[in-house]
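Asks: Below you'll find the structure I mean.
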Amino acid sequence: MSGAAPEATVEAALAQVERLNPELNAYLHVDAAGSLAAAREAGTPNAERPLAGVPICVKDVIDVAGMPTTAGAAGWRRDPVADAVAVARLRAGGAIVIGKGNTNEFAYGIDGKNPSRGDCRNPYDPERLSGGSSSGPAVATATAMAWAGIGTDTTGSIRAPASLCGLVGVRTTRGLIPTPGVVPLAWSYDTVGPLARTAADAALLLDVLTGRPAGAAPRPQAAGLRLGLASELLALADEPVAARIRATAEALAAAGAAVEERSVPDPARATAIHRIVQAAEAATVHAPWFDEQRDRYAPDVRARLEAGRQLSAEVYLRAQRHRRLFTRDFAAAMRGVDAIVAPSVPFTAPPLDATEVTINGKAQPMRPALLSCLLPISQLDCPAVSVPVGTIDGLPVGMQLIGRPGSEELLLGIAAAIEEISGPTPEPAMARDS
Amino acid sequence: MAAKGSGDEAADAELAQLLALAATLSEQGLEGVEPVFGPQDWE
Numbered sequence: 001m002s003g004a005a006p007e008a009t010v011e012a013a014l015a016q017v018e019r020l021n022p023e024l025n026a027y028l029h030v031d032a033a034g035s036l037a038a039a040r041e042a043g044t045p046n047a048e049r050p051l052a053g054v055p056i057c058v059k060d061v062i063d064v065a066g067m068p069t070t071a072g073a074a075g076w077r078r079d080p081v082a083d084a085v086a087v088a089r090l091r092a093g094g095a096i097v098i099g100k101g102n103t104n105e106f107a108y109g110i111d112g113k114n115p116s117r118g119d120c121r122n123p124y125d126p127e128r129l130s131g132g133s134s135s136g137p138a139v140a141t142a143t144a145m146a147w148a149g150i151g152t153d154t155t156g157s158i159r160a161p162a163s164l165c166g167l168v169g170v171r172t173t174r175g176l177i178p179t180p181g182v183v184p185l186a187w188s189y190d191t192v193g194p195l196a197r198t199a200a201d202a203a204l205l206l207d208v209l210t211g212r213p214a215g216a217a218p219r220p221q222a223a224g225l226r227l228g229l230a231s232e233l234l235a236l237a238d239e240p241v242a243a244r245i246r247a248t249a250e251a252l253a254a255a256g257a258a259v260e261e262r263s264v265p266d267p268a269r270a271t272a273i274h275r276i277v278q279a280a281e282a283a284t285v286h287a288p289w290f291d292e293q294r295d296r297y298a299p300d301v302r303a304r305l306e307a308g309r310q311l312s313a314e315v316y317l318r319a320q321r322h323r324r325l326f327t328r329d330f331a332a333a334m335r336g337v338d339a340i341v342a343p344s345v346p347f348t349a350p351p352l353d354a355t356e357v358t359i360n361g362k363a364q365p366m367r368p369a370l371l372s373c374l375l376p377i378s379q380l381d382c383p384a385v386s387v388p389v390g391t392i393d394g395l396p397v398g399m400q401l402i403g404r405p406g407s408e409e410l411l412l413g414i415a416a417a418i419e420e421i422s423g424p425t426p427e428p429a430m431a432r433d434s
Numbered sequence: 435m436a437a438k439g440s441g442d443e444a445a446d447a448e449l450a451q452l453l454a455l456a457a458t459l460s461e462q463g464l465e466g467v468e469p470v471f472g473p474q475d476w477e
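If you read the sequences in order, they're chains A and B.
Going by this note's numbering, the first sequence opens with residue 1, and the numbers climb by one from there.
Going by this note's numbering, the second sequence opens with residue 435, and the numbers climb by one from there.
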C-alpha cells in the first residue's frame, strides 16, 4: 500500500478509471461518490482494519450491497441489500469497493470477452485478450484502477487473467472462502479469491477474506523445498513460455529447492470430467429462468446451458466419480514434493478476435488452449497460484504453483521467492501515461 | 443416453461433444468410488 491518505488513494484510482475504463472496460459499475464518502471515514490501517482505505474492484458475480449484480449479462440483474460474505469481510477490514468488474457472461468463459457489455481488454495491448472470466478485477488491478481485485475461479477464471495481465492470482482451497452472495457457475468447482500485484498483497487479502488476523508478509521460500515440474502440462506450452517456466524452476533450484520433473494424470481425463460436471451444474443453476430468458443469453453460453440440461444424472455422477479418481491420482503424483509447478496460460495474450492460437506450430481452438493447464487443477480441492515470471515481447507470462489443500501460505512464499528471482513485472505503459 | 435435440444447432453440437466425452469415462475402475471430495484423498 502507498501510505497515502485514503481519500487521495481513492481519488487516484477514480482518476485512472475515468482515463482508462472507456477503452479497457474493466468496470461495469462505478460508485465514485460512495467510494469517496467511504474514504473520508476510512482512517488508517491497523490490526483490525488492515485494508483501511484501499480501493478494490469486485467481480460482478459477487454481491456488493448498494450496487447492482448483473453477472455481466444483458438482461439479468439483482440489487442486493447485503454483501456477499467475502465482501463483508473486506469491508470489515476497511477496504473500499470502487465498483463492479467486468466478467464473461455469468462467469461462463475464459477469454474476458462479453458481447453484451463490451469486451474487457488487455492493458499491455488493448487489441489482445485480458483473459477471464475475472477480467475486470484483473485489468483494474494491473492499471491502478484498483489496489486489488476479487474474483471467482471455477475452471481458471482468476489464474487466466492473472497470467495474461501480469498479476498474482489465487484459486483458493475449495470451501476456504464462503460463496454465499456469489452467483454460482458450477458449485462443486466455484471458489473466491484475490488478484493482486504482489504475493504480499495477495496474502494480506487472503487473511482478510478468510477472517484471520493479518499476518506478516509471506517469507520467500525456495531453500529446502521439493518441487515437481509437471511434465504433461509443460508439454502443452508454447516453447518460449515453456523455456521461461523451466528457467524459473532452475532459478528456484539455484536458490536451494530440489526440482524434478513429475508425471501428473493425463489432462485429457480432466477435460472430459470438467465439461460434463460444469455443464450439468450450470444448467441446474439457470434452470429456474432459462426457458423464459434463453434468447437473452450470449450464444455460446446459451448453447452450453442448453446442452447441460440434457445430461442425465448417471452421466453427471459418473464424471464426478472419475473426478475423485483423478484427484487420488494427482495426490499420488504429489507424493514426496511440496508443490507442483507448471505453466498457467501456456502462451502470452493472443489477439482479441483470434479463434485459434498456434502452439509450437500447431493451430488449436482458443478456449481449450487457454484452459489446458488450468482446468486439470480445478478438479482438485487444492489451491493454485499464478505468479508472473516476466514478459515475452512485452506480454506477461504466468507460472502456476499447485499445493495440497490449505497450502496457500506455502504457495505465496514460493511466489515471493519467484518475485525476487524475476523482479517486478513492468506495469502496462498505459497505466502510467497521464 | 437418450438425449433430445434442442433444435438449436450450436447446443446440439455442444451436446454431441459432451456425450462423446462421457463415452470416454468408462465404469472400469469405479467400483467403490463415491462422488464426494475432501481431505481424505490427500496425505
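Cβ coordinates follow ideal geometry from the N, Cα and C atoms, glycine included.
Note that the structure is a prediction, hence the values are computed from the model and not measured.
#1: For residue 470 of chain B, does the three-state DSSP call read helix, strand or coil?
#2: Starting from residue 87 of chain A, follow the alpha helix (DSSP H) in both directions and report where the run begins and ends.
#3: Compute the Euclidean distance between the alpha carbons of residue 242 of chain A and residue 44 of chain A, then round it to the nearest angstrom.
#4: Tell me, please, whether the CB atom of residue 267 of chain A is closer than 8 Å to any CB atom in chain B?
#5: Could you work out which residue in A/12, A/362, A/218 and A/196 is closest to residue 237 of chain A when comparing CA atoms only?
#6: With DSSP as the reference, label residue 125 of chain A as helix, strand or coil.
#7: Please report the distance separating the alpha-carbon of residue 293 of chain A from that of residue 336 of chain A.
#8: Closer than 7 Å between beta carbons: that is the criterion. Which residues of the region 243–261 of chain A meet it against chain B?
#9: Using a Cβ cut-off of 8 Å, pull out every chain B residue sitting near residue 335 of chain A, in sequence order please.
#10: Which runs of the beta strand (DSSP E), 3 residues or longer, sit entirely within the region 174–260 of chain A?
#11: Please list, in chain order, the chain B residues whose beta carbon lies closer than 7 Å to that of residue 327 of chain A.
#12: According to DSSP, simplified to helix, strand and coil, what is residue 401 of chain A?
#13: Between the region 175–183 of chain A and the region 57–69 of chain A, can you find at least three pairs of beta-carbon atoms closer than 8 Å?
#14: Output the distance between the C-alpha atoms of residue 215 of chain A and residue 354 of chain A, rounded to the nearest integer angstrom.
#15: Answer yes or no: do residue 168 of chain A and residue 138 of chain A have a C-beta to C-beta separation smaller than 8 Å?
#16: Determine, for residue 381 of chain A, whether the minimum Cβ-Cβ distance to residues of chain B falls below 8 Å.
#17: Compare the C-beta of residue 29 of chain A against all C-beta atoms of chain B and say whether one is closer than 8 Å.
#18: Identify the continuous beta strand (DSSP E) that holds residue 96 of chain A and give its terminal residues.
#19: Please list, in chain order, all residues of the same chain as residue 422 of chain A whose beta carbon is under 6 Å from its beta carbon, the five residues on each side excluded.
#20: Between residue 435 of chain B and chain A, is any beta-carbon pair separated by less than 8 Å?
#21: Between which residues of its own chain and residue 378 of chain A is the CB-CB distance below 6 Å, once the five residues before and five after are set aside?
#22: Comparing alpha-carbon positions, which option in A/309, A/346 and A/375 lies nearest residue 364 of chain A?
#23: Can you say whether residue 46 of chain A is buried or exposed, counting buried as having 16 or more other CB atoms within 10 angstroms of its CB?
#24: Just the Cα atoms here: how many angstroms apart are residue 25 of chain A and residue 192 of chain A?
#25: At which residues does the beta strand (DSSP E) containing residue 277 of chain A begin and terminate?
#26: Have a look at the DSSP bridge pairing and note the partners of residue 169 of chain A.
#27: Counting only beta-carbon atoms, is residue 273 of chain A nearer than 8 Å to chain B?
#28: What is the rounded straight-line gap between the Cα of residue 382 of chain A and the Cα of residue 210 of chain A?
#29: Does the Cβ of residue 81 of chain A have 16 or more other Cβ atoms within 10 Å, making it buried, or fewer, making it exposed?
#30: Does the beta carbon of residue 351 of chain A sit closer than 8 Å to a beta carbon anywhere in chain B?
#31: Less than 8 Å separating the beta-carbons of residue 307 of chain A and residue 279 of chain A?
#32: Indicate the three-state DSSP secondary structure (helix, strand or coil) for residue 150 of chain A in the structure shown.
#33: If the criterion is Cβ atoms closer than 8 Å, does the pair residue 49 of chain A and residue 452 of chain B meet it?
#34: Which of the three DSSP states is assigned to residue 16 of chain A in this structure?
#35: Strictly under 8 Å for the Cβ-Cβ distance: is residue 311 of chain A near chain B by that measure?
Replies: The answer reads as follows:
#1: If DSSP states are grouped into helix, strand and coil, residue 470 of chain B belongs with coil.
#2: 85–92
#3: 43 Å
#4: It does not: the Cβ of residue 267 of chain A has no partner Cβ on chain B nearer than 8 Å.
#5: A/362
#6: strand
#7: 51 Å
#8: none
#9: 477
#10: 192–196 and 226–230
#11: 471 and 475
#12: strand
#13: With the rule of 3 Cβ pairs closer than 8 Å, the region 57–69 of chain A counts as touching the region 175–183 of chain A.
#14: Residue 215 of chain A and residue 354 of chain A: Cα-Cα distance of roughly 43 Å.
#15: No, they are not a contact pair.
#16: By this cut-off, residue 381 of chain A is an interface position.
#17: no
#18: 96–101
#19: Cβ neighbours of residue 422 of chain A beyond the five flanking positions: 389 and 390.
#20: Summary for residue 435 of chain B: the model assigns pLDDT 35, below 50, so the residue's position carries little reliability, and this model does not support an answer.
#21: Excluding residues within five positions, the ones whose Cβ falls inside 6 Å are 155 and 189.
#22: A/346
#23: That one is exposed.
#24: 22 Å
#25: Careful: residue 277 of chain A lies outside any beta strand (DSSP E), inside the alpha helix (DSSP H) at 267–293.
#26: Answer is A/195 and A/386.
#27: yes
#28: 16 Å
#29: exposed
#30: no
#31: Contact flag set, yes.
#32: strand
#33: no
#34: helix
#35: yes
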